[in-house]
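Residue numbers (the working numbering): 17 to 398.
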């Protein structure tokens, strides 16, 4: 029998996703792995245990994790889960390492080799493993759907014998993966869409989706993109100019969707209460950065809150609200990464610390925190 993979049922908060799909269980079996799926792990993603069994997985209790060589999860394991894993096991999940030194140290102490999927480098080789993109894509789509449900008017323009219904005006703040999908989805629903971003490259992408680009386009704006493709923090002066432009624009909008996140930092505040007050009666705002403190002043995590007359949607884990789709993509991201660690000849797990994907994502290994961004020393730096 080959190495054992344990697919855990999520225990944290309102997590509905699962780290393996029927397709990825098949794939792992083809690698020579013995797959155990925890009872009901896929239930909230509409994958019954019988479907996993049909492709060769075993269904087991949580205790089965103790025998696993590889544990696959969506969220970082809890203290109780960590204590159940054997020393030396490989654990792959979305680890949320920023500001969580204690749990990361706990995983190191337990002797686990842990990998943070959200630290996957944005390089061509790793595109199919990029969980931030796969999940943000769905979050951007779902943000528009949630807004459309709360907004008590039609989204598209409708010309009828009884009169004309005007198109909803949707403003998307942040044109990364989530923002671009939100733009595309709002356009499909017939809204009049505009968007803003501090990265110059976003202007063309926004325009290509048929939306209007809103930004202060000065020299600082033209230089504002990091090598990794992320937005970088702008000067106070630029932020003030941009805020004035945005405030004027927001006053005319029906729906605002904010998507701005900077890795490892609290979410930047983009929408103030004063801006919300200026919006039309019945306006809606969606904050996709609520898990990092939120972009919108007054947002309440997990709720639709009335903030100065605007209904502000603060649902955490937006991708998890369409768990069946989100799990399918996340599971594919994980299995593609896992495949890089399986030796083709021996079927053994190989943690090659010189591999750029391993270097970027490994948090703990051999009893220590090894990622340089979280207090460790990279093995390749000696």
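The beta-carbon is built from N, C-alpha and C at its ideal position, and this holds for glycine as well. Since we're looking at a predicted model, the values are computed, not measured.
Q) Where does residue 146 sit, in a helix, a strand or coil, going by DSSP? A) coil
Q) So is residue 297 buried or exposed if we call it buried at 16+ other beta carbons inside 10 Å? A) In summary, residue 297 is exposed, with fewer than 16 beta-carbon neighbours lying within 10 Å of its beta-carbon over all protein chains present.
Q: Return the CA-CA distance between residue 292 and residue 309, expressed in angstroms with no decimal places.
A: A straight line joining the alpha-carbon of residue 292 with that of residue 309 spans about 17 Å.
Q: Give every residue of the same chain whose Cβ lies closer than 7 Å to the Cβ of residue 225, excluding the five residues on either side of it in the sequence, and list them in chain order.
A: 196, 199, 200 and 203
Q) Which residue comes first and which comes last in the alpha helix (DSSP H) that contains residue 357? A) From DSSP, residue 357 is part of no alpha helix (DSSP H); its letter is neither H nor E.
Q) If we ignore side chains and look at the alpha-carbon of each, how far apart do residue 307 and residue 341 end up? A) 21 Å
Q.
Taking 6 Å as the limit between beta carbons, can you name the residues of its chain near residue 174, skipping five residues before and five after?
A. 181
Q: Would you decide whether residue 275 is buried or exposed? Buried here means 16 or more other CB atoms lie within 10 Å of its CB.
A: buried
Q.
Three or more C-beta pairs under 8 Å: does that hold for the stretch 112–121 against the stretch 136–155?
A. In this structure the stretch 112–121 does not touch the stretch 136–155; the number of beta carbon pairs closer than 8 Å is below three.
(Q) In whole angstroms, give me the CA-to-CA distance for residue 384 and residue 132. (A) 15 Å
Q) Using the rule of at least 16 other Cβ atoms within 10 Å of the residue's Cβ for burial, across every protein chain shown, is residue 26 buried or exposed? A) buried
Q) With which residues is residue 272 paired in a DSSP beta bridge? A) 187 and 301
**Q.** Proximity test, residue 169 beta-carbon vs the ligand SAM heavy atom, cut-off 8 Å
**A.** This structure lacks the ligand SAM; in fact it carries no ligand of any kind.
Q. Hey, quick one: how far does the alpha helix (DSSP H) through residue 40 stretch, first residue to last?
A. 38–46
Q) If you check the beta carbons only, do residue 36 and residue 97 fall under 9 Å apart? A) No. Outside cutoff.
Q.
Quick check: the stretch 41–52 against the stretch 65–75, are at least 3 beta-carbon pairs closer than 8 Å?
A. yes
Q. Mapping DSSP to helix, strand and coil, what is residue 54?
A. DSSP, reduced to helix, strand and coil, places residue 54 within a strand of the structure shown.
Q. Are there 16 or more other CB atoms within 10 angstroms of the CB of residue 380, so buried, or fewer, so exposed?
A. Buried.
Q) Which term fits residue 349, buried or exposed, when burial requires 16 or more other beta carbons within 10 angstroms of its beta carbon? A) buried
Q) Rounded to a whole number of angstroms, what is the C-alpha to C-alpha distance between residue 367 and residue 21? A) Each residue's Cα considered, the two are about 15 Å apart.
(Q) Once the 5 residues before and after residue 209 are set aside, which same chain residues still bring their CB inside 6 Å of it? (A) 186, 199, 202, 203 and 227
Q) Which residues share a DSSP beta bridge with residue 76? A) 54
**Q.** Local Cβ density within 10 Å of residue 258, reported as buried at 16 or more and exposed below that
**A.** buried
Q) From residue 123 to residue 129, what distance separates their C-alpha atoms? A) One C-alpha to the other measures close to 8 Å.
Q: State whether the stretch 134–143 contacts the stretch 331–339, with contact taken as three or more CB pairs (one from each stretch) at a distance under 8 Å.
A: These segments do not touch.
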